[in-house]
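Data first, discussion second: the structure below is written as structure tokens.
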Amino acid sequence: MKKFIIVTDSSCNLEESFRKQFDIEYLSLLYVLDGKTYEADLDWKTISAKEYYELIRQGNVIKTAQITQVTYKQAFENWIKQGYDVLYVGCSSSISASIKSSYVVRDELKKEYPEAKVICVDSLRACYALGLLVIRAAELRAEGKTIEEVAAWLEENKLTANMEGSVDKLVYLKRAGRVSAASAFFGGLLNIKPIIMADARGANFAVEKVKGRRASLERVAERVAATIEDVPYQRVIISHADCLEDAQLLKQLVCEKAGKELDVHFGWVEPAVGASVGPGMLGIYYFGKKVTVNAIEE
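Start counting the sequence shown at -5; every next residue gets the next number (the numbering used here).
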């Protein structure tokens, strides 16, 4: 069986320990700060996570950019020349247009290297939900599954990677153009905290609105307890944007609601996603019931 590379993008949120353990490659999304473009480094080598979120608190507006076709082609072609096939698992097409660029490059490389396989999977997920899928793909590869078998598993099971979360301040979503100024103003005035989930189309939306931070975390915990599945490859990860104490409280609440102790990994929200959600974002990621709900189109 021909060897294949598993590659994703930086929205997967997987820090170096995960990437080394499971032999996962990634390509970086980009962010722009003070007119300078940076790679969204998952290991925070350019700037610490705490410094990054402090800049956002101070009012800095950070823009993001997708992975270019040039970057995809250089990376994919390099692995092909080394004798690998390529399985790319990308951020949801409802969140980033990067996956569409990967399709263009895939089609070009099929013509230039007809013997090579390049498979691109739109995960319909982001952050650690994407990361969980990529880890599972690596586990299946280690079990001897072919690139086609792994890709098929991802397509069949990607909507079982669940995301539930909440933001602390709507002002950051407003700066990123995710909510209106009026929604941010009145939401802040009334201490409204949206409960966010990833839907079946790969979009994140406010499925509920709760008053107060503690109440929002309790509601997230209830939703997790109602949907988490007992699968042998289960992992639970909580990401936070500089609010570790709240993340630890969320773990406690989830374990209480689920009626059992869960092994939970904590990690920072990576730079590109963090630019949109801002400090105070909490997300919990796990394998659960297949998501079927879609956000209502306005």
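For each residue, glycine too, the CB sits at the ideal point set by N, CA and C.
#### Entry: C-alpha gap between Leu148 and Ala136, whole angstroms
The sequence position of residue 148 within the sequence shown is 154, counting from 1. The sequence position of residue 136 within the sequence shown is 142, counting from 1. One C-alpha to the other measures close to 15 Å.
### Query
From Ala146 to Gly84, what distance separates their C-alpha atoms?
Numbered from its first residue, the sequence shown carries residue 146 at position 152. Numbered from its first residue, the sequence shown carries residue 84 at position 90. Looking at the two C-alpha atoms, the distance is approximately 15 Å.
### Query
Helix, strand or coil: how does DSSP classify Lys105 here?
Walking along the sequence shown from the start, residue 105 turns up at place 111. DSSP places Lys105 in helix when its eight states are reduced to three.
### Query
Are the CB atoms of Asn156 and Tyr280 nearer to each other than 9 Å?
The residue labelled residue 156 in the question sits at position 162 within the sequence shown. The residue labelled residue 280 in the question sits at position 286 within the sequence shown. Cβ distance < 9 Å, so Asn156 and Tyr280 count as in contact.
### Query
Do you know offhand how far Asn54's Cα is from Ala200's?
Taking the sequence shown and counting its residues from 1, the one referred to as residue 54 is at position 60. Taking the sequence shown and counting its residues from 1, the one referred to as residue 200 is at position 206. Using only the alpha carbons, I get a separation of about 25 Å.
### Task
Leaving out five residues on either side along the sequence, give the residues of the same chain with a beta carbon under 8 Å from the beta carbon of Leu244.
Along the sequence shown, one-based indexing puts residue 244 at 250. Closer than 8 Å at the Cβ level, and outside the excluded window around Leu244, lie Leu211, Val214, Ala215, Ile232, Leu276, Ile278.
### Message
Count Cβ pairs between the region 30 to 38 and the region 60 to 77 that sit closer than 8 Å; are there 3 or more?
### Response
No, the region 30 to 38 is not in contact with the region 60 to 77.
### Those residues which DSSP pairs with Val26 across a bridge
Taking the sequence shown and counting its residues from 1, one reaches residue 26 at position 32. Note: Val26 sits in a beta bridge opposite Thr31, Lys57.
### Message
If the criterion is Cβ atoms closer than 9 Å, does the pair Ser88 and Arg13 meet it?
### Response
Along the sequence shown, read from residue 1 onward, the residue named residue 88 stands at position 94. Along the sequence shown, read from residue 1 onward, the residue named residue 13 stands at position 19. With respect to the 9 Å criterion, Ser88 and Arg13 are not classified as neighbours on the basis of their beta carbons.
### Tyr280, enclosing alpha helix (DSSP H) - first and last residue
Locating residue 280 in the sequence shown gives position 286, where the first residue counts as 1. No alpha helix (DSSP H) contains Tyr280, which is instead part of the beta strand (DSSP E) from 276 to 281.
### Query
Rounded to the nearest angstrom, how far is the Cβ of Leu8 from that of Val128, given a contact under 8 Å?
Taking the sequence shown and counting its residues from 1, the one referred to as residue 8 is at position 14. Taking the sequence shown and counting its residues from 1, the one referred to as residue 128 is at position 134. Between Val128 and Leu8 the Cβ distance is about 7 Å, and since that is below 8 Å, they are a contact.
#### Entry: Proximity below 9 Å, CB of Met191 to CB of Glu223
As a first step, residue 191 must be located in the sequence shown, where it is residue number 197. As a first step, residue 223 must be located in the sequence shown, where it is residue number 229. In this structure, Glu223 does not lie closer than 9 Å to Met191 by Cβ.
### Query
Can you list, in chain order, the residues of its chain whose CB lies under 8 Å from that of Ile(-1), leaving out five sequence neighbours each side?
Residue numbering aside, residue -1 sits at position 5 when the sequence shown is read from its first letter. The residues are Glu19, Trp73, Tyr78, Asp79, Val80, Leu81.
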